[in-house]
Amino acid sequence: MDAKAVITAYYDAFNRGDTDAMLDLMTDDVAHHVNEGKVRRGKALFAEFNAHMTDSYREKLTDIVVFGNADGTRAAAEFTVNGTYLKTDPGLPEAHGQTYVLPAGAFFTLKGGRIDRVTTYYNLADWVAQVSA
Numbered sequence: 001m002d003a004k005a006v007i008t009a010y011y012d013a014f015n016r017g018d019t020d021a022m023l024d025l026m027t028d029d030v031a032h033h034v035n036e037g038k039v040r041r042g043k044a045l046f047a048e049f050n051a052h053m054t055d056s057y058r059e060k061l062t063d064i065v066v067f068g069n070a071d072g073t074r075a076a077a078e079f080t081v082n083g084t085y086l087k088t089d090p091g092l093p094e095a096h097g098q099t100y101v102l103p104a105g106a107f108f109t110l111k112g113g114r115i116d117r118v119t120t121y122y123n124l125a126d127w128v129a130q131v132s133a
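In full-length UniProt numbering, the protein residues as written are 1 to 133.
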């Protein structure tokens with residue numbers, strides 16, 4: 001599977017809420033660079049992060065565009081996050097079902113056809129403004 005196909009499958013799994021399918025596309029020691037957070041290493045920490053996100057947010061990604069280099073080792077994606085804030089995340093505004101629409105992107109490194117690094121970016125100040133309005 002080429003880089004674009006791997007990343008497309010990753011986001012298809014995300015939109016289905018299928019963490020196991022996302023994990024199947026990753027190396028065991030995947031580095032997850034969280035927006036505004038610490039790097040999490042390994043599938044277990046990625047699964048823990050996804051469980052927390054699923055508990056606090058309901059999100060669907062649209063307008064997904066995936067880019068990949070010729071040798072299949074690097075990829076990027078740009079997309080729109082359409083979400084609902086379900087449960088207050090510590091240090092963030094109080095949740096009461098606010099909706100948000102947020103442009104976002106991610107960068108990937110792949111090894112052996114699997115995701116070895118994912119770095120996610122979105123504008124946190126934009127998100128805070130939307131859920132605080």
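Just so it is clear, CB atoms sit at the ideal spot from N, CA and C, and this is done for glycine as well.
Only a predicted model underlies this, so the values are computations on that prediction, with no experimental measurement involved.
### Query
Looking at C-beta atoms only, is the number of pairs between the region 56–74 and the region 27–36 that lie closer than 8 Å three or more?
no
### Query
Does the region 3–21 touch the region 106–118, meaning 3 or more C-beta pairs lie closer than 8 Å?
yes
### Task
Starting from the Cα of V81, find the closest Cα among F107, W127, F67, A13 and give me that residue.
Within the sequence shown, the letter at position 81 stands for residue 81. Taking only the C-alpha atoms, the option nearest V81 is W127.
### Query
Do T62 and Y85 have their C-beta atoms within less than 9 Å of each other?
The count along the sequence shown starts at 1 and reaches residue 62 at position 62. The count along the sequence shown starts at 1 and reaches residue 85 at position 85. No. Outside cutoff.
### Query
Leaving out the 5 sequence neighbours to the left and right, which residues in its chain are closer than 7 Å to A13 when beta-carbon positions are compared?
Position 13 of the sequence shown, counted from the start, is the residue given in the question as residue 13. Contacts found: A21, M22.
### Task
Note down, in chain order, each residue of its chain lying with its Cβ closer than 8 Å to the Cβ of A95, except the 5 sequence neighbours on either side.
Here residue 95 refers to the residue found at position 95 when the sequence shown is read from its first residue. So the list reads S56, Y85, L86, K87, T88, D89, V131, once near-sequence residues are dropped.
### Message
For R41 and I64, I'd like the C-alpha separation in whole angstroms.
### Response
Numbered from 1 along the sequence shown, position 41 holds the residue referred to as residue 41. Numbered from 1 along the sequence shown, position 64 holds the residue referred to as residue 64. Approximately 25 Å between the Cα atoms of the pair.
### Query
What does a CB cutoff of less than 6 Å around Y121 pick up in its chain, not counting 5 residues either side in sequence?
Reading the sequence shown from its first residue, position 121 is the one you call residue 121. Excluding residues within five positions, the ones whose Cβ falls inside 6 Å are N35, G105.
### Task
Reducing DSSP to helix, strand and coil, say where L102 ends up.
Residue numbering aside, residue 102 sits at position 102 when the sequence shown is read from its first letter. DSSP places L102 in strand when its eight states are reduced to three.
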